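I have placed the structure first, in the form of structure tokens, so that the comments after it can refer back to it.
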Amino acid sequence: MREPAVRTFLIGYAVVIVPAVIAVLLTDRFELHATINWHHTAPFDLFFKYGTHVADGWVPTILALVLLWKNWRAFLMVGVSVALSAIVAQLLKHGVFPDMDRPSMFLERMPGVRLVAGVEMHHHNSFPSGHSTAAYSMCLALAVLIAQRGPALVLALLAAGLGLSRIYLSQHFTEDVVAGATIGTLTAYLVYHWLYVSSFASRKWLDRSPFRRQNQ
Numbered sequence: 000m001r002e003p004a005v006r007t008f009l010i011g012y013a014v015v016i017v018p019a020v021i022a023v024l025l026t027d028r029f030e031l032h033a034t035i036n037w038h039h040t041a042p043f044d045l046f047f048k049y050g051t052h053v054a055d056g057w058v059p060t061i062l063a064l065v066l067l068w069k070n071w072r073a074f075l076m077v078g079v080s081v082a083l084s085a086i087v088a089q090l091l092k093h094g095v096f097p098d099m100d101r102p103s104m105f106l107e108r109m110p111g112v113r114l115v116a117g118v119e120m121h122h123h124n125s126f127p128s129g130h131s132t133a134a135y136s137m138c139l140a141l142a143v144l145i146a147q148r149g150p151a152l153v154l155a156l157l158a159a160g161l162g163l164s165r166i167y168l169s170q171h172f173t174e175d176v177v178a179g180a181t182i183g184t185l186t187a188y189l190v191y192h193w194l195y196v197s198s199f200a201s202r203k204w205l206d207r208s209p210f211r212r213q214n215q
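Okay, so the sequence shown: first residue is 0 according to numbering that gives the first Met the number 0, each after it adds one.
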């Protein structure tokens, strides 16, 4: 049964995102960003500087291709979740909210904000966060595949950490991360229903691997 793992991940998502939404609604965006960003340490600088790349597009792409050796279902769970959520995020980022600038464009309004040395700063197309979208879609997809509550909780924490890295590095505001996390989670949940719950899930070819079939 995969539903308990999915439910655990969703609870982890809610525990992080609901307070974040409340903070966004009740706090000035620049004050909120500065408050989160001020807590800098050298270990965190190093951790987030490199850790944020786990949500780069090439990571879930390689992961999906590796899972193709297992079967089509695992490949599609990760591949479609990440690709579809990325399309939604990019359409919003470039088509609906093209004028939303990133924190680096407002540093004069946040004089206490620190930037991490060696991080290339982006300036435009802030909303939603593409990395947060990828992080949550990939991590929920993996939670579905592993189908255990413990790993699902760890994956929810990983996704939250990747989202936090975007604020820590001043690449995104909190609302960008909240939106990306929601897009990624919702998309992966819909793909889960498509591949494991709907009538489509009973198709036998989903549990085959193109590589194993060729070797038989």
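Ideal Cβ positions, reconstructed from N, Cα and C, are used throughout, including at glycine. Bear in mind that the values here come from a model prediction, so they are computed numbers and not experimental data.
Item	Value
Closer than 8 Å is the cut-off here; do at least three beta carbon pairs connect the stretch 88 to 107 with the stretch 154 to 165?	no
Between Ala159, Val95, Val58, Thr184, which lies nearest to Thr173 when the distance is taken from Cα to Cα?	Ala159
Tell me the rounded alpha-carbon separation between Phe47 and Ser131.	13 Å
Within 10 angstroms of the Cβ of His171, are there 16 or more other Cβ atoms? Answer buried if so, exposed if not.	buried
For Lys92 versus Gly129, is the C-beta spacing smaller than 8 Å?	yes
Could you tell me the alpha carbon to alpha carbon distance between Arg207 and Asn70, rounded to whole angstroms?	5 Å
Helix, strand or coil, according to DSSP, for Ala180 in the structure here?	helix
Using 8 Å as the Cβ pair cut-off and three pairs as the minimum, do the stretch 174 to 194 and the stretch 11 to 26 touch?	yes
Enumerated in chain order, which unbroken segments of the beta strand (DSSP E) with a length of 3 residues or greater are wholly contained in the stretch 132 to 179?	none
Consider the C-beta atom of His192 and the heavy atoms of the ligand NAP; say whether any pair is separated by less than 7 Å.	The ligand NAP is not part of this structure, which contains no ligands at all.
Is the beta carbon of Ala73 closer than 8 Å to that of Leu83?	no
Could you please give the first and the last residue of the uninterrupted alpha helix (DSSP H) stretch that includes Gly78?	71 to 90
Is it true that the CB of His122 sits closer than 8 Å to the CB of Asp100?	yes
Can you tell me where the alpha helix (DSSP H) with Thr7 in it begins and where it stops?	2 to 25
Looking at the structure shown, is Gly129 part of a helix, part of a strand, or coil, going by DSSP?	helix
Ends of the alpha helix (DSSP H) at Pro59?	57 to 66
Go through its chain and collect everything with a Cβ distance to Ala19's Cβ below 7 Å, but skip five positions before and after it.	Thr173, Val177
Got a sec? Which residues, its chain only, sit under 8 Å from His32 by beta carbon, not counting five neighbours each side?	Pro102, Met109, Val112, Ile166, Ser169, Phe172, Thr173
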